[in-house]
Every structure is written in C-alpha cells, then in structure tokens.
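Encoded as structure tokens, the structure appears first; notes follow it.
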Amino acid sequence: MSGDVADGRHPSGVDIDRPSAARVYDALLGGSANFAADRALARQMLTAEPHAGRWAQANRAFLRRAVDFLLDEGVRQFVDLGSGLPTVGNVHEIVHAADPDGRVVYVDIDPVAVAHGQSLLAGDDRAAMVQADIRDVNAILADPATQDLIDPDQPVGVLAVAVLHFVADDPARILAGFRSVAAPGSHLVVSHLTTPDEMSAATVGVVAQYNTRTGTPLTFRSRAQVADLFAGWRLLEPGVVPVDAWWPEPGDLEAPGAHPRVPIWAGVGRLPYTR
Ligand SMILES: C[S@@+](CC[C@H](N)C(=O)[O-])C[C@H]1O[C@@H](n2cnc3c(N)ncnc32)[C@H](O)[C@@H]1O
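Reminder that position 65 of the sequence shown reads as 304 in my numbering, one-by-one numbering, no gaps.
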C-alpha cells in the first residue's frame, strides 16, 4: 500500500476533517489508510457498539467466501462496485490466487480509496481501479478499464457488497443496468445493512452518528427489500441471510448465541447459463 495517508499526503480536494465511508470502514477493519477524523469516528462507534469491528470483518469474510464460490462456478471476471480501500484480502488477490488471468475492475467514488487502489494496482494489467459513482452505470461500462478487462461474452461477477445502503433511490435500476449486459452464468453478490427494528439500540445510535458525520447517509432495507434486489437473477441457496450465515466456513463460525447477530443481509444470485 502506498503511504499517501500514513505520510499525510492525499489527493487534492479531499476534506480530511470529514470522515468518509471508505476510510471509517478501513479504520474499523484495523487498516492504516485513514485520517484522524475517520479513526475518531470509528473509535466512537466502537465505544457505542463494540461489535461494529466484528461486523466489518464478517462482511469482508462474506465477500471472500462469495468470490471463492463464484470462482468455483467458473466466473473469471469481476466488477467490484463500492470496493473501498485496498485492504487485506482484496478481490484481485483472491482471484489471481485461483487464476492468474482473472480480471477485476474496482469502482469507488472516494478519491482516497481510488488513489490507493491505483497505486496498489500499478503495473497489474489484469486489475484496475475506476473512480465513479455506481449510479452512473453507463460511465462504468464505457470506462476504458472496463472495456479492456471485461469480456461481455463471458460471465461476470457483479459485487455490490456493503455499498447499496449508500444509494437512497432505486438501487434496482443500477443492478438492472449491469444485468442487461451480463452474459449467461453471471452472478450478483449483495450485502446490505438491515432495518433499525432489526438492530439493537446501541447500533441504531452508531448508525445515527455515522449518518451525521460522514455526509453519506445510509438507507436501510429489510430482508424482503434486499431479496427484491435480485429481481431478474435466480437467488441461490441459502437465500438472503445474515452475512455471517451465508455458507460460513469453519474459521468463520462462532458459537451460536455468543454474539448478537450481524445486522447485515447477504445473498448471491445467478443468471441462467443459457438465455
Ligand atoms: C463499507 S465500504 C464497503 C467496501 C467493500 N465493498 C467491502 O464490502 O469490503 C462502502 C464503499 O462504498 C463506496 N461508495 C459509497 N457510495 C458510493 C457510490 N455512490 N458510488 C461508488 N462508491 C460508493 C464508499 O466510498 C466505500 O468505499
């Protein structure tokens, strides 16, 4: 990872006094690509809800399991929407461990995340980082990196992990945009924060802090609303479940009841292999 954040340098135009979604998440994961304001908010969140770091890790573990699953299904190219900062277990590292020729396009709106991603991926001709708003599907599809790396005739893994709760209006339109150009056998991976009635009072407080401070408010969606995001895709077993309950692996399992449930839904869908 470059030292842009650690050594105080950062892309111009970045307000380092205002926490950002990408960098607070990085701080919750124990990463180093964040500023004092991000760490301060992450600390406040952890004080109010000590499980918040575990949720970020559980979400990250789901992302890894889902990418492994897609690789087993033969998917070799991925578009990671709202990918965040490069951190441990990046998608391209998982993909390239399975197939050195696998392709990954990362997309994020955060200039610091993008600067880090571009620095990390410099010289890698099978992965790229694009700065874009995921609501602008056409811009992402037309980006030279997407055009270069993603073969429209081959199945693609569309990853929308912990990002659609930042989209207030019509996330289904975004997913329909990618679905309309995805080859048979493509997959959609989603994780999404649940509704306040499913959360503890402490968690609701943490989310309120986050909403006020970052300027990227969260939109909550119920399990049924998250399931609706798979319209046009065949939702695969076990359906939409808490993120830590999606095909957990032995290392990811915790004793039942040891902790409150992770308030994030997760699921994977597939387009039929033939049109
Ligand atoms: C919680 S992080 C999730 C990172 C990664 N997907 C994961 O699950 O580990 C959410 C990311 O979404 C990005 N994001 C939020 N709204 C976005 C938008 N409209 N377009 C692109 N990226 C967005 C944020 O900058 C942040 O990096």
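Heads up, the beta-carbon is just placed ideally off N, CA and C, and yes, glycines get one too.
query, result
"As assigned by DSSP and simplified to three states, the class of Pro410", "helix"
"Endpoints, alpha helix (DSSP H) assigned at Tyr512", "Element bounds for Tyr512: n/a, residue is neither H nor E."
"Three-way DSSP call (helix, strand, coil) for Ala530 in this model", "Only positions 240 to 514 of the chain appear in this structure, which leaves residue 530 out of reach."
"Euclidean distance between Cα positions of Thr385 and Pro477", "31 Å"
"Among Phe317, Arg278, Gln464, the one whose alpha carbon lies nearest that of Ala367", "Phe317"
"Nearest residue (CA-CA) to Leu280, options Val446, Phe459, Val253", "Val446"
"Any non-hydrogen atom of ligand 1 within 7 Å of Arg293 CB", "no"
"Whether Val429 touches Val406 by CB criterion (8 Å)", "no"
"Local Cβ density within 10 Å of Val501, reported as buried at 16 or more and exposed below that", "buried"
"Ligand 1 heavy atom lying under 7 Å from the CB of Ser419", "no"
"Bridge partners - Gly506, DSSP secondary structure assignment", "Val429"
"Supposed contact pair Ala266 and Ala441 - C-beta distance, whole angstroms, cut 8 Å", "About 18 Å; that fails the 8 Å criterion."
"Neighbourhood of Gly416 by C-beta distance below 8 Å, restricted to the same chain and skipping five residues each side", "Val376, Asn377, Leu380"
"Exposed unless 16 or more other CB atoms sit within 10 angstroms - verdict on Pro423", "exposed"
"Under the three-state DSSP convention, the category Leu474 falls into", "strand"
"Alpha helix (DSSP H) segments (min. 4 residues) lying fully within the segment 419–464", "440–453"
"Through-space distance from Arg304 to Pro487, alpha-carbon basis", "8 Å"
"Coil, strand or helix - Phe317 by DSSP", "strand"
"Asp347 versus Asp409 - alpha carbon distance", "18 Å"
"Meets three-Cβ-pair contact criterion under 8 Å: the segment 332–349 and the segment 307–321", "yes"
"Contacting residues, own chain, Cβ-Cβ under 7 Å from Glu437 (five flanking each side not counted)", "Pro502"
"Three-state secondary structure assigned by DSSP to Pro250", "coil"
"C-beta atoms of Ala411 and Asp467 nearer than 8 Å", "yes"
"Neighbour-count burial assignment, Asp246, 16 or more Cβ in a 10 Å radius", "Note on Asp246: pLDDT 47, under 50, position unreliable in the model; the coordinate value appears next. It counts as exposed."
"DSSP three-state assignment for Ala361, whether helix, strand or coil", "coil"
"Close beta carbons around Val343, own chain, < 6 Å, minus the five adjacent residues each side", "Phe317, Val330, His331, Val334, Ala366"
"Proximity winner among Leu414, Gly328, Arg282, Leu320, relative to Asp372 (alpha-carbon distances)", "Leu320"
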